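A.B. asks:
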Amino acid sequence: MEQNLKISTLNPTDAEQENPNPKDEIPVVPSPLPFPLFISLSLSTTLSPPPHLHSNPSSFSPFPNKLKIPSQISSLSTLSLTSTFTPHNKPSLKHTISSSPLQIPLFNTPHHSPHPKNIPAIRRCSIVWFRNDLRVHDNECLNSANNDSMSVLPVYCFNPQDYGKSSSGFNKIGSHRATFLINSVFDLRNSLKSRGSNLVVRIGKPENVLVELVKEVGADGVFVHREVSKDEVREEEKVEKAVKEEGVEVKYFWGSTLHHVDDLPFKLDDMPTNYNMFKEKAKKSEIRKTIDGLDQLKGLPTRGDVELGEIPTLLDLGLRPVATAAQVR
């Protein structure tokens, strides 16, 4: 009777090879169901289960328990856009998906609108140093400072070294040009006031004036357009050295030419020596669109209670007033 209950799919010869000792054979109670599948399952319960059955149930998940995300931004390029991992509480990534892996935000990265007005300010206060860019429209320097800062201090300096007599005995700036400059500064101040800001005016060397204002308002950035003349470049170097000693960054912009210097189809060292050659090469580059002026600007910093200062006259600059037509007669 016991022999009839033994189940084996091997022939007698194979059975002797597999179980040389009859004691190793496993008795099985006959299953009431006629399907061999269920009988084989009853045999498997007497055997040692596979190792993976002893692991934690969570190990059945095809995904790791911990997701390692690169901490360096340079590693974001290795992230795949086809990942099948889906967190249970995945926040909405609406308006943040990009075709570039470098622009894919991590799940815990807060979403910010790309509109400049909604970008969080990263600077407490910035100084905009006006030079030959006395305008509020098409002024990348002013717009960038306004978008990056909680407060903005526009400044214009009348540098005494730009006036008076040159080594040859002539006026460095004539009365007519100085009059036009003074009127332009007046117009700039009015334009800034109509947009919620104002203009600080000083007579003095920029490297001294700007450092003093940096300390007064606690500015952490100076925004300025680059110039090309020898004296103006030297002036930039002095200002940069002075404010950097206070731990303040200088950000330069380019806005004085029709073709932006970064868009030229050749290196500056390979600049054509005549206009016709320049025109032939430069026409391959696209001219940038003008930048719209902002309707509203950030206010002046409250710290320091800085005085705006008076716009000087020709006499203040050591120049004779321009004679009118009636005076000439």
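Numbering of the sequence shown is given in full-length UniProt numbering, commencing with residue 1 and proceeding in unit increments.
From the three backbone atoms N, C-alpha and C, an ideal C-beta is built for every residue, glycine too.
No experiment lies behind these values; they were computed from the predicted model shown.
Rounded C-beta distance between L192 and L199? I'm assuming under 8 Å.
C.D. replies: 5 Å between Cβ atoms; contact.
A.B. asks: Over what stretch of residues does the alpha helix (DSSP H) that includes I122 continue unbroken?
C.D. replies: No alpha helix (DSSP H) holds I122; DSSP gives it neither H nor E.
A.B. asks: Is D138 closer than 8 Å to I291 when the C-beta atoms are compared?
C.D. replies: Result yes, Cβ atoms of I291 and D138 sit closer than 8 Å.
A.B. asks: Starting from the Cα of S229, find the closest Cα among C125, I127, R123, R131 and give me that residue.
C.D. replies: That would be R131, whose Cα lies nearest to the Cα of S229.
A.B. asks: Should A323 be labelled buried (16 or more other beta-carbon atoms within 10 Å of its own) or exposed?
C.D. replies: Result: exposed.
A.B. asks: Please report the distance separating the alpha-carbon of L317 from that of F266.
C.D. replies: Using only the alpha carbons, I get a separation of about 42 Å.
A.B. asks: Under the assumption that V155 contacts L210 (Cβ atoms under 8 Å), give the Cβ distance between them as a whole number of angstroms.
C.D. replies: Indeed they touch by this definition, with Cβ atoms about 7 Å apart.
A.B. asks: Decide if L213 is buried, meaning its Cβ has at least 16 other Cβ atoms within 10 Å, or exposed.
C.D. replies: Classification of L213: buried, given that the 10 Å Cβ count is 16 or more.
A.B. asks: DSSP state of I182, grouped into three classes?
C.D. replies: Residue state, collapsed to three classes: helix.
A.B. asks: Which residue comes first and which comes last in the beta strand (DSSP E) that contains Y156?
C.D. replies: Here the beta strand (DSSP E) through Y156 covers 152-158.
A.B. asks: Any idea which residues DSSP pairs residue 331 with across the strands?
C.D. replies: Only positions 1 to 329 of the chain appear in the structure, and residue 331 is not among them; the question remains open.
A.B. asks: With distances taken Cα to Cα, identify the nearest neighbour of E216 among L300, I173, F223.
C.D. replies: Considering only alpha carbons, the answer is L300.
A.B. asks: So, under 8 Å CB-CB, V222 and V201 are touching, yes? Tell me the CB distance rounded to an integer number of Å.
C.D. replies: The Cβ separation is near 17 Å, so there is no contact.
A.B. asks: Pick from E246, E235, N190: whose alpha carbon is nearest that of Q161?
C.D. replies: Per the Cα distances, E235.
A.B. asks: For N171, does the three-state DSSP call read helix, strand or coil?
C.D. replies: N171 falls in the strand class under three-state DSSP.
A.B. asks: Buried or exposed for D270, going by 16 or more other Cβ atoms inside 10 Å?
C.D. replies: By the 10 Å Cβ count, D270 comes out exposed.
A.B. asks: Please report the residue range of the alpha helix (DSSP H) in which R234 lies.
C.D. replies: Looking at the DSSP string, the run of the alpha helix (DSSP H) that includes R234 is 230-244.
A.B. asks: Could you pull the DSSP bridge partners for I127 from this structure?
C.D. replies: For I127, which the question treats as bridged, DSSP gives the partners L153, V222.
A.B. asks: I122: which of L264, D220, V136, L134 sits nearest, CA to CA?
C.D. replies: Closest by alpha carbon: D220.
A.B. asks: Taking 8 Å as the cut-off, decide whether the C-beta atoms of S184 and L134 are in contact.
C.D. replies: For S184 and L134, yes; Cβs fall inside 8 Å.
A.B. asks: How far does the alpha helix (DSSP H) with V214 in it extend, from its first residue to its last?
C.D. replies: Here the alpha helix (DSSP H) through V214 covers 206-217.
A.B. asks: Between the C-alpha atoms of D295 and G204, what's the straight-line distance to the nearest angstrom?
C.D. replies: When rounded, the distance between both Cα atoms is 31 Å.
A.B. asks: Tell me R135's beta-bridge partners as DSSP assigns them.
C.D. replies: R135 is not bridged to any residue.
A.B. asks: State yes or no: is the C-beta of residue 344 within less than 8 Å of the C-beta of L297?
C.D. replies: Because the chain is modelled from 1 through 329, residue 344 falls outside the range shown and cannot be assessed.
A.B. asks: Which same chain residues, not among the five before or five after L264, have their C-beta less than 7 Å away from its C-beta?
C.D. replies: Here the set comprises A282, S285.
A.B. asks: Find the nearest neighbour of N147 within the set T273, K172, V233, V128, judged by alpha-carbon distance.
C.D. replies: Looking at the Cα atoms, V128 is the closest of the given residues.
A.B. asks: In the DSSP assignment, what are the bridge partners of I203?
C.D. replies: The partner list for I203 (beta bridge, DSSP) reads F158.
A.B. asks: Quick one: Cα of L268 to Cα of V261, how far?
C.D. replies: For L268 and V261, the distance between alpha carbons rounds to 8 Å.
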